[in-house]
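The sequence shown begins at 142 in our numbering and counts up one residue at a time.
We treat Cβ as the ideally placed atom computed from N, Cα and C, and that holds for glycine.
Below is one structure, written out as structure tokens; comments come after it.
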Amino acid sequence: MEYDVKDLALAEKGRNRVEWASQGMPVLKAIQNRFSDEKPLAGVRIAACLHVTTETAVLMQTLKAGGAKVHLCASNPLSTQDDVAAFLVADEDISVFSIKGEDRDTYYSHIHQALDLRPHITMDDGADLVSTIHAERRELLEDILAGTEETTTGVIRLKSMATAGVLAYPIVAVNDANTKHLFDNRYGTGQSTVDGIIRATNRLLAGSTFVVAGYGWCGRGVAMRANGMGAKVIVTEIDPLRALEAVMDGYQVMSMLKAAELGDIFCTVTGDIKVLRKEHFVAMRDGAIVCNSGHFNVEIDLESLAEMSEAKRQIREDVEEYRLSSGKRINVLGEGRLVNLAAAEGHPSSVMDMSFANQALAAEYVKKNGSTLQKKVYGVPEDIDSEIGRLKLAAMGVEIDILLPEQEKYLASWDMGT
Ligand code: ADE
């Protein structure tokens, strides 16, 4: 069996941590039990490019229980939990190609090794498998049934490919399921981003000025949690409706140039490039902390920051201090990569439970229906999304009301009781 992980001796630590995570993933475990009985993925080869975390390990166990053969590589060079990678290889016989801190060449060679499986299904978090297949491994297309995509940034990229007519196989946008983005993006990113910032810096949020760039589902979550910790939150946006929503949610909204003068901590969650750039670094206060929780490390213009700096040093494990010629210091967390995965452990298991339940059921759906799908980006079928919501509520012991037949009739009518 092929693999490339840091150290197989870490497997035992990984085993315990994966068991801990699985206790927070009752929906995925229920699917895993059904998959063990029914083997809906028998004979299916899946290449997965995901953050290699304890929660991802539970997804890998589920796909394996369903009968799939899986190759896993990382979707970010800094997010791999090496003990988890070792556990999957040593205990689960799953080929993993990822090492925390790997350089760019190793990162891409690992993607190629995952693809050497000749997958029927690709499972992406950021579309790196799809991009690599389209650019360099087109010979794999003949075996591919469909792919799934975990994150907003990946879905945007895949929809652009579909619009341009270049997408060569169907994709299910797991991110767009309600049981994914309303929970994972908002509550998962919210908590884990604040967790990453605190682990990296050990700074007090209460009383600090916290600037959130972008008020999508992730930005809403980060702003809500920073506010909950007592920070004064400023939101920056380019979309008028989102900006308006942030105002009515009680935050200050202003341009980044103004916010740059005020912020103690800056966090980008926009999905776009150069959100923090030279003019902002010039305006920032001495000691400002900048980080990113968007998918790619493109939101902070680190090249300009390096050019403006006279010196750079690692001052804490996940903190690099840039000293500008003016003497001012700007601190960058986790090399501008996803701070929640670089400096913390990513989203907690109970939200990944729903995200990865969508992934597992999307893989089953694609196995059944892939040959009927076109080269487009599809949403997760509504019945799958609702079923995951129902299962999650049941696992939490929450009961909800059921409509009376009379109420159902009223909702379906246009002339009753007006
Ligand atoms: N993305 C964000 N958090 C994650 C986690 N815990 N596992 C896998 N992917 C993630």
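Apart from the five residues just before and just after residue i, which ones in its own chain have a Cβ nearer than 6 Å to its Cβ?
{"i": "Lys509", "result": "none"}
{"i": "Asp145", "result": "Phe238"}
{"i": "Ser490", "result": "Ala162, Gly165, Met166 and Glu196"}
{"i": "Asn157", "result": "none"}
{"i": "Leu465", "result": "Met449 and Ser450"}
Between which residues of its own chain and residue i is the CB-CB distance below 8 Å, once the five residues before and five after are set aside?
{"i": "Tyr551", "result": "Met557 and Gly558"}
{"i": "Ile142", "result": "It is Met, not Ile, that sits at residue 142 in the sequence shown. Cβ within range, chain order: Val230, Asp234 and Ser236."}
{"i": "Asn316", "result": "Glu290, Glu291, Thr292, Thr293, Gly295, Val296, His322 and Asn326"}
Pull up the DSSP beta-bridge partners for residue i, would you.
{"i": "Ser236", "result": "His212"}
{"i": "Val352", "result": "Ile375 and Phe407"}
{"i": "Ile262", "result": "Ile187 and Ala287"}
{"i": "Cys432", "result": "Cys408"}
{"i": "Tyr519", "result": "Val313"}
{"i": "Leu514", "result": "Bridge partners of Leu514: none, in fact."}
{"i": "Asp427", "result": "Looking at the DSSP assignment, Asp427 forms no beta bridge with any residue, so it has no partner."}
{"i": "Asp145", "result": "Phe238"}
{"i": "Leu479", "result": "Asn433"}
{"i": "Ile441", "result": "Leu417"}
Spatial neighbours of residue i within its chain, please: C-beta separation below 7 Å, excluding the five flanking residues on both sides.
{"i": "Ile235", "result": "Met201, Lys205, Val211, Leu213 and Leu229"}
{"i": "Asp427", "result": "Lys469 and Arg470"}
{"i": "Thr334", "result": "Val363, Cys408, Ser434, Val480 and Asn481"}
{"i": "Ala309", "result": "His275, Leu282 and Lys516"}
{"i": "Gly371", "result": "Leu346, Ala347 and Gly348"}
{"i": "Asp459", "result": "Ala341, Leu474, Gly475, Ala483 and Ala484"}
Roughly how many angstroms lie between the CA atoms of residue i and residue j, to the nearest whole one?
{"i": "Gly184", "j": "Gln515", "result": "22 Å"}
{"i": "Ala485", "j": "Gly538", "result": "29 Å"}
{"i": "Trp161", "j": "Ala152", "result": "14 Å"}
{"i": "Asp336", "j": "Ser554", "result": "49 Å"}
{"i": "Gly288", "j": "Val492", "result": "22 Å"}
{"i": "Leu534", "j": "Glu444", "result": "46 Å"}
{"i": "Glu451", "j": "Gly348", "result": "31 Å"}
{"i": "Ile172", "j": "Ile529", "result": "10 Å"}
{"i": "Leu474", "j": "Thr221", "result": "17 Å"}
{"i": "Glu547", "j": "Val518", "result": "38 Å"}
{"i": "Val507", "j": "Leu286", "result": "7 Å"}
{"i": "Pro260", "j": "Glu523", "result": "26 Å"}
{"i": "Ala401", "j": "Ala268", "result": "32 Å"}
{"i": "Tyr463", "j": "Lys453", "result": "4 Å"}
Can you tell me where the alpha helix (DSSP H) with residue i in it begins and where it stops?
{"i": "Gln455", "result": "That residue, Gln455, is in no alpha helix (DSSP H); its beta strand (DSSP E) goes Ser450 to Arg457."}
{"i": "Glu505", "result": "Ser490 to Asn510"}
{"i": "Val307", "result": "Counting along the chain, Val307 falls outside any alpha helix (DSSP H), and DSSP gives it neither H nor E."}
{"i": "Glu196", "result": "Thr195 to Ala206"}
{"i": "Ala553", "result": "Pro546 to Ala553"}
{"i": "His275", "result": "Asp269 to Glu277"}
{"i": "Pro167", "result": "Pro167 to Glu179"}
{"i": "Thr247", "result": "Arg245 to Leu256"}
{"i": "Gln164", "result": "Ala152 to Gln164"}
{"i": "Asn368", "result": "Trp358 to Gly369"}
How would you write the range of the beta strand (DSSP E) that residue i sits in, first residue to last?
{"i": "Val473", "result": "Arg470 to Leu474"}
{"i": "Tyr392", "result": "Taken as a continuous stretch (DSSP letters only), Tyr392 belongs to no beta strand (DSSP E), as it is neither H nor E."}
{"i": "Arg327", "result": "Here Arg327 belongs to no beta strand (DSSP E), and DSSP marks it neither H nor E."}
{"i": "Tyr463", "result": "Val460 to Leu465"}
Exposed or buried, which one is residue i when buried takes at least 16 other CB atoms within 10 Å?
{"i": "Val199", "result": "buried"}
{"i": "Ile541", "result": "exposed"}
{"i": "Gln455", "result": "exposed"}
{"i": "Arg298", "result": "buried"}
{"i": "Leu346", "result": "buried"}
{"i": "Leu398", "result": "exposed"}
{"i": "Val193", "result": "buried"}
{"i": "Met389", "result": "exposed"}
{"i": "Leu502", "result": "buried"}
{"i": "His253", "result": "exposed"}
{"i": "Pro381", "result": "exposed"}
{"i": "Leu544", "result": "exposed"}
{"i": "Ala447", "result": "exposed"}
{"i": "Leu256", "result": "buried"}
Do residue i and the ligand GTP come close, with the Cβ less than 7 Å from some heavy atom?
{"i": "Asp266", "result": "Because the ligand GTP does not appear in the structure shown, any question about it cannot be addressed here, the ligands present being the ligand ADE."}
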